[in-house]
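Q: So the sequence shown is residues 0 to 613, counted in numbering that gives the first Met the number 0.
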Amino acid sequence: MEWDPNTESDLAGYKVYYGTASEDYQHHVDVGSYTGCTISGLEEDTTYYFAATAYGSGGYESGFSSEISQYIPISATDYSVIPWSQLSIVSSDSEELTGENGSAGNAIDGDPLTLWHTEWSQSTPEHPHEIVIDLGDVYVVGGFQYLPRQDGGTNGTVADYAFYVSTDGVAWNAPVAEGTFAADTAKKETGFSGKAGRYVRFVALSDINGGPWTTVAEINILGKVPADSDEDGITDDDEINVYGTDPEKADTDGDGINDGDELIFWGDNWDGDYDSDGIVNILDQDADGDGVSDGEETLVGTNPAYDDTPDQNYSVIPWSQLSIVSSDSEELTGENGSAGNAIDGDPLTLWHTEWSQSTPEHPHEIVIDLGDVYVVGGFQYLPRQDGGINGTVADYAFYVSTDGVTWNAPVAEGTFAADTAKKETGFSGKAGRYVRFVALSDINGGPWTTVAEINVLGAVPVYSTIPWSQLSIVSSDSEELTGENGSAGNAIDGDPLTLWHTEWSQSTPEHPHEIIIDLGDVCVVGGFQYLPRQDGGTNGIVADYAFYVSTDGVTWNAPVAEGTFAADTAKKETGFSGKAGRYVRFVALSDINGGPWTTLAEIDILGVVSHGNQ
């Protein structure tokens, strides 16, 4: 900075005062009799305020001069140009391909004489214009360079601009830089605080002539590979400032899974606390509190998000609730060997496979409907008690199903002792309504099977919130993506301050509105929670609703719940008789104000994963 000299005869020198707040100067330098100075070491991305004084040989110092301010921009000198060979165009809003080769790809081809030009021969779309670029890998992006057209023309030379960085190319958030370029053809460089991402978006808001076009000869992205000292796939910066993990230790919590893999597993729920012990999931060695580390659970195939401790509180499901769905064989001629005898509560009757007309070979099976959904944790087999031994089961397998059609792997299999005592077999609880007992052999090597009684051990399911990390959006009938981020995905992101909002800026489709969610696995669904918008607005708060569960996401049948919510912003919970399925469909039939919209801050699904425990 420079200033006009003081003309007083006893002038001895000048002092320059400066600080980061107006008229609050924390620093000063004595520059002697010089009428200018350079101050170095100022912090980037900060505005400084300056004023000068003059002092005389007798010690007198004048008041402050008029104050000036100066913003110190961020330097991009720590970053280098990401090679063009790694870049690719994801999208552009417009490109001229008829009147000239104005392909968006020209902006990243390394040739300053080619250019991206928005349409002009067939149509002339208005600003804003944008180009989205995939960097080919994650970088810390700290700036960019814009080279205007170099062919002598000026149409489309960018004036106002905004620049964005994203990890996924979908969520962009606020721009990392915005401003106005000088109206010339020189290369312009803009720096900003480094932000990690794989995608960048350059938005031209106007051109220097006020025309509708945008042209770009080259756009260079300035970045650096983020440091990852422990090579766990998470940058040191994110480990320290976002996740709280140790950048020098690949497996911070010592659970046998490195931090990067944990982040992939937990997704948006990395900072959840499934076992309520005050430790977030990514830092919790045993996130579900079942006494087994997350690493051990993944090795044996159990889920670190669920307590896999076997529940010992199973009891015999009453015979009065049970019914036979099918058996492969039963003797009804030579004796009453009906399959129904296996669930009649009478130890002296028995199910006997055929022997008088034919003798079918093993395996033999019986399928039982429990009458409702239970978490099944075991069964009891009582061999025949009439003194005979034919058909007493040796090898067996036992299955649980939600629909009586899909059985998957057996929950238990083994060989019974060769006696007539009641045998009990337990296993990790599995939710279902149907069980299938398969006899693979009998103790004498004969072709028959006999069962005096079979008792099924179960417990009424306790439904809990299915983790958001397992959920995904299949479809929604409408979502607002222009006027705001009203993506349907906001309904299952765990953030009550985001929301799914049906369209309003371009169109306002009428009710009904719906969202379909994939639970990630077959679950027994017993309820849901609806959280209305929490931002103070009321548009779209649901009044009348219907809720469906489906195994395939195509066939829905009748709703499992329907009704009308109270007209407030409190969380609402609706329960119903458990129904097995992998997909749920929430249908909003009206809103509390009679408007055409639907909004939803969060929807939580209450269920039991069919292969998990209570």
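A virtual CB, placed ideally from N, CA and C, is assigned to each residue, including glycine. Just so you know, these numbers come straight off a predicted model, no measurement behind them.
#1: Which first and last residues belong to the alpha helix (DSSP H) in which Phe143 is found?
#2: Classify Ile692: buried if its beta carbon has 16 or more other beta carbons within 10 angstroms, exposed otherwise.
#3: List in chain order: all unbroken beta strand (DSSP E) runs of 3+ residues lying wholly within the segment 329-411.
#4: With C-beta atoms as the reference, is Gly141 less than 8 angstroms away from Asp236?
#5: Quick one: residues in its chain with C-beta nearer than 6 angstroms to the C-beta of Gln85, no 5 flanking neighbours on either side, listed in chain order?
#6: Skipping 5 residues on each side, what residues in its chain have a beta carbon closer than 6 angstroms to that of Glu95?
#7: Between Phe378 and the rest of its own chain, which residues show a CB-CB distance below 8 angstroms, the 5 nearest in sequence each way excluded?
#8: Quick check for students: name the residue ranges of the beta strand (DSSP E) that lie wholly in the segment 202-289, counting only runs of 3 or more.
#9: Let me make sure I understand the geometry here. Which of Pro211, Ala416, Phe162 has the alpha-carbon closest to that of Pro124?
#10: Nearest CA to the CA of Pro303: which residue from Phe264, Leu114, Val523?
#11: Between which residues of its own chain and Ala166 is the CB-CB distance below 8 angstroms, once the five residues before and five after are set aside?
#12: Label His512 either buried or exposed according to how many other C-beta atoms from any shown protein chain fall within 10 Å of its C-beta, with 16 as the threshold for buried.
#13: With contact counted as at least three CB pairs below 8 angstroms, one residue from each stretch, are the segment 561-572 and the segment 537-544 in contact?
#14: Let me check understanding here. Comparing Cα to Cα, which of Thr419, Ala249, Gly209 lies closest to Asp227?
#15: Rounded to the nearest angstrom, what separates Asp385 and Gly403 at their Cα positions?
#16: Quick check on DSSP: helix, strand or coil for Gly488?
#17: Give a yes or no on whether the C-beta atoms belonging to Ala438 and Tyr395 are separated by under 8 angstroms.
#18: In three-state terms, what does DSSP make of Ser517?
#19: Under the assumption that Pro147 contacts Thr184 (Cβ atoms under 8 angstroms), give the Cβ distance between them as a whole number of angstroms.
#20: How is Ser475 classed by DSSP in three states: helix, strand or coil?
#21: Leaving out five residues before and five after Phe426 in sequence, what residues of the same chain have Cβ atoms less than 7 angstroms from its Cβ?
#22: Are Lys223 and Ser93 close, meaning C-beta to C-beta below 8 angstroms?
#23: Taking the C-alpha atoms as reference points, what is the distance between Asn484 and Trp499?
#24: I need the straight-line Cα distance from Gln121 to Glu99, nearest angstrom please.
#25: Is Asp590 buried or exposed, if buried means 16 or more other CB atoms sit within 10 Å of its CB?
#26: Helix, strand or coil for Ile81, going by three-state DSSP, please let me know.
#27: Could you check if Pro246 is buried or exposed, using at least 16 other CB atoms within 10 Å of its CB as the buried criterion?
#28: Does the separation of the CB atoms of Val15 and Ala53 fall below 8 angstroms?
#29: Using 8 angstroms as the threshold, is the C-beta distance between Ala631 and Thr597 below it?
#30: How about Tyr582 and Asp476: do their beta carbons lie closer than 8 angstroms?
#31: Would you say Ile107 and Ile67 are within 8 angstroms of each other, going by their C-beta atoms?
#32: Let's see if you can read the secondary structure: which residues bound the beta strand (DSSP E) around Ile316?
#33: Report yes if the CB atom of Gln528 is closer than 8 angstroms to the CB atom of Asp603, and no otherwise.
#34: Going by CA-CA distance only, name the one from Ser549, Thr550, Ile220, Asp534 that's closest to Glu601.
#35: Take Ser400 as the anchor and find which of Asp258, Gly370, Thr449, Gly168 has the nearest alpha-carbon.
#36: Could you compute how far the alpha carbon of Asn389 sits from the alpha carbon of His351?
A: Looking at the atomic coordinates:
#1: Phe143 -> not in any alpha helix (DSSP H); beta strand (DSSP E) instead, spanning 128-146.
#2: No answer is possible for residue 692: it lies beyond the span of the chain, which begins at 0 and ends at 613.
#3: DSSP assignment within the segment 329-411 yields the following whole beta strand (DSSP E) runs of 3 residues or more, N-terminal first: 363-381, 394-400.
#4: The Cβ atoms of Gly141 and Asp236 do not sit closer than 8 angstroms to each other.
#5: Gly135
#6: Gly101, His116, Glu118, Trp119
#7: Phe397, Ala411, Glu423, Thr424, Val434, Phe436, Ile453, Asn454, Val455, Leu456
#8: 217-223
#9: Residue Pro211 holds the alpha-carbon nearest to the alpha-carbon of Pro124 among Pro211, Ala416, Phe162.
#10: Phe264
#11: Residue identity check: residue 166 is Thr in the sequence provided, not Ala. Once the five neighbours on either side are set aside, the close Cβ partners of Thr166 are Val137, Ala195, Gly196, Arg197, Tyr198.
#12: Per the 10 Å Cβ criterion, buried.
#13: yes
#14: Ala249
#15: 32 angstroms
#16: Gly488 sits in a helix when the DSSP states are folded into three classes.
#17: yes
#18: According to the sequence displayed, residue 517 carries Asp and not Ser. DSSP places Asp517 in strand when its eight states are reduced to three.
#19: 5 angstroms between Cβ atoms; contact.
#20: strand
#21: Gly376, Gly377, Val410, Ala411
#22: Contact: no.
#23: 8 angstroms
#24: Between Gln121 and Glu99, the C-alpha separation is close to 12 angstroms.
#25: By the neighbour-count criterion, in which a residue is buried when 16 or more other Cβ atoms sit within 10 angstroms of its Cβ, Asp590 is buried.
#26: coil
#27: buried
#28: no
#29: No statement about residue 631 is possible, as the shown extent of the chain runs from 0 to 613 and does not include it.
#30: no
#31: no
#32: Where Ile316 is concerned, there is no enclosing beta strand (DSSP E), given that its DSSP letter is neither H nor E.
#33: yes
#34: Asp534
#35: Gly370
#36: Their backbone Cα atoms lie some 9 angstroms apart in a straight line.
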